[in-house]
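Q: Quick one: this structure, given as structure tokens, is what I'll be asking you about.
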Amino acid sequence: MMTRKLIAATLALAASHAAPALQPPEQPAAPAAGSAPACCAAMGRAGIVASAKSAPPGMVWIPGGEFSMGSTDPLARPDEAPVHRVRVDGFWMDQTEVTNAQFAEFIKATGYKTIAERAVDWEELKKQLPAGTPKPDEKMLLPGSLVFTPPNHPVDLRGHEQWWSWTTGANWQHPEGPGSSIEGKDNHPVVHIAYEDAVAYCTWAGKSLPTEAQWEFAARGGLDHAVNVWGNEPVDAKRCNIWQGHFPDKNTAAEPGGDGFTRSAPVKSFPPNGYGLYDMAGNVWEWCTDLYRPDTYARRMLEMDQAGKKGPDRIAVNPTGATKSYDPRNPNSPESRVHRGGSFLCNDSYCASYRPSARMAAPPDTGLQHLGLRCVMTQEAWDKQSRKERAPAADPIPPTQPAPR
Ligand SMILES: [Ca+2]
Ligand SMILES: [Cu+2]
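Residue numbers (this note's numbering): 278 to 682.
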């Protein structure tokens with residue numbers, strides 16, 4: 278789909294960090310402790326023990342298994358319920374978010390232009406907006422993306438347009454607009470990546486985006502039922518790159534006691550989870566393949582009930598999400614795709630989306646300053662790819678000449 282719901286999102290006042298608008302801002306700050314059974318903790322290191330077989334560069338093997346998807350934590354939002362059992366097959370996953378350096382390779386090889394670098398087609402965009410929406414200023418239709426522009430005073434947290442600005446010239450090479458660059462940021466996660474861009478990158482790399490279930494299973498790192506990717510201990514500045522201070526007007530991340538980053542951090546700046554994956558909590562959001570619905574899990578439970586699944590059989594196997602999306606934050610958009618993991622803007626008093634069960638979504642052509650990706654790969658895809666790499670060079674003898682005896 279080549280339409281630009283990006284602007285639609287802006288005009289309709291609905292961007293990715295909007296979930297808190299649906300939430301009372303005064304949420305309990307401390308996650309509940311002690312809900313993970315100790316017996317599960319030992320499973321966590323399996324992914325680090327790299328198998329003897331060859332591994333795709335920069336990826337770790339996530340052993341398949343079962344887990345409880347969703348959360349009943351006080352910080353959890355309604356779309357994280359009901360908790361249900363899910364099984365996923367094993368897969369390879371990028372250890373880090375895709376970096377600027379990695380994305381630059383893709384651009385160099387393909388000449389691909391990201392959505393944020395293309396002008397907006399008003400005739401197409403119109404279809405995504407409420408009927409009668411007037412054509413915006415030409416300036417709004419120039420290539421651009423949404424940049425975090427904090428106010429200098431406390432604001433009502435229900436209006437996220439107060440900290441997101443449509444910025445002409447903002448894209449992956451200019452994360453904060455035309456005056457900014459990614460020089461010296463090779464190992465930062467690439468951002469302003471729309472779903473379509475993410476899929477294009479994955480296809481080029483011979484990989485794919487994770488399903489929401491794969492992502493959450495991997496993020497938990499073997500700690501079934503835990504509130505956070507590191508366990509049940511509450512978040513602190515040494516764990517991940519999130520927001521410190523008062524959102525969105527005062528970020529104290531760079532002050533003593535902060536995590537050190539007011540925007541993105543170089544990947545691997547914080548400890549990995551039990552599977553050896555970095556930044557599964559915070560830094561930048563990561564696209565998943567699933568179409569979003571707030572009632573995904575309830576419908577999944579209902580389907581299992583209707584199929585007569587009971588007891589240990591009441592488990593969803595490799596679920597792939599809704600077949601038709603519905604996103605109350607973007608009601609006019611025919612499609613909304615999940616992203617996971619939270620970002621440098623998430624705060625424990627605000628949206629707490631650094632938790633492995635937290636869900637967010639956006640229309641597929643939306644790019645944001647805190648939205649990137651990480652890829653997965655099946656063993657079959659890796660077998661195929663590594664076989665190709667190991668294949669001997671083509672026969673140097675032209676087919677028209679008889680083979681020497
Ligand atoms: Ca992340
Ligand atoms: Cu957040």
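For glycine and all other residues, C-beta sits at the position ideal for the given N, C-alpha and C.
Suppose you measure from the CA of PHE383 to the CA of TYR389; what does that come to, to the nearest Å?
A: 8 Å
Q: With 16 other CB atoms within 10 Å as the buried threshold, where does PRO466 fall?
A: buried
Q: Using a Cβ-Cβ cut-off of 7 Å (strictly less than) and excluding sequence neighbours within five positions of GLY534, which residues of its own chain qualify?
A: ALA514
Q: Taking the straight line between their C-alpha atoms, what separation do you get for ALA618 and PRO511?
A: What sits at residue 618 in the sequence shown is Gly, not Ala. Approximately 16 Å, taken between the alpha carbons.
Q: Relative to the alpha-carbon of HIS361, which residue among ALA490, GLU666, TYR555 and ALA447 has its alpha-carbon at the smallest distance?
A: ALA490
Q: If you draw a straight line from the C-alpha of SER345 to the C-alpha of ASN595, how long is it?
A: 13 Å
Q: Quick check on LYS527: does DSSP put it in helix, strand or coil?
A: strand
Q: May I ask which residues mark the beginning and end of the alpha helix (DSSP H) holding ASP474?
A: 472-482
Q: Name the residue from GLU401, MET557 and THR539 whose alpha carbon lies nearest to the alpha carbon of SER610.
A: GLU401
Q: At 3 residues or longer, what runs of the beta strand (DSSP E) sit wholly inside the stretch 405-489?
A: 421-425 and 441-445
Q: Please go through the same chain and pick out, in chain order, the residues whose beta-carbon is closer than 6 Å to the beta-carbon of GLN646, but skip the five residues on each side of it.
A: VAL424, PHE425, PRO452 and VAL468
Q: Run through DSSP, which three-state label would GLY619 get?
A: coil
Q: Suppose contacts are defined by Cβ-Cβ distances below 8 Å. Is TRP440 in contact with PRO431 by that definition?
A: no
Q: For the alpha helix (DSSP H) containing MET578, name the first residue and the last one.
A: Element bounds for MET578: 573-583.
Q: Does the stretch 552-568 come close enough to the stretch 617-631 to have 3 or more Cβ pairs within less than 8 Å?
A: yes
Q: For chain D, is any of its Cβ atoms less than 8 Å away from the one on ARG540?
A: Here chain D cannot be found, since the structure has a single protein chain.
Q: Under a Cβ-count criterion, where at least 16 other Cβ atoms within 10 Å of its own Cβ denotes burial, should SER331 be classed as buried or exposed?
A: exposed
Q: Taking the alpha carbon of PRO407 as the point to measure from, which residue in LYS601, PRO608, ALA635 and ARG664 has its own alpha carbon closest?
A: PRO608
Q: Taking Cβ to Cβ, would you say ALA542 is nearer than 8 Å to ASN518?
A: In terms of Cβ geometry, ALA542 and ASN518 form a close pair [threshold 8 Å].
Q: Roughly how many angstroms separate the alpha carbons of SER546 and ALA496, rounded to a whole number?
A: SER546 and ALA496 have their alpha carbons spaced roughly 17 Å apart.
Q: Could you check if CYS628 belongs to the surroundings of ligand 2, using beta carbon to heavy atom distance under 7 Å?
A: yes
Q: Between SER593 and MET581, how many whole angstroms is the CB-CB distance? I'm expecting something under 8 Å.
A: Per the sequence shown, residue 593 should be read as Ala rather than Ser. The Cβ separation is near 7 Å, so the contact holds.
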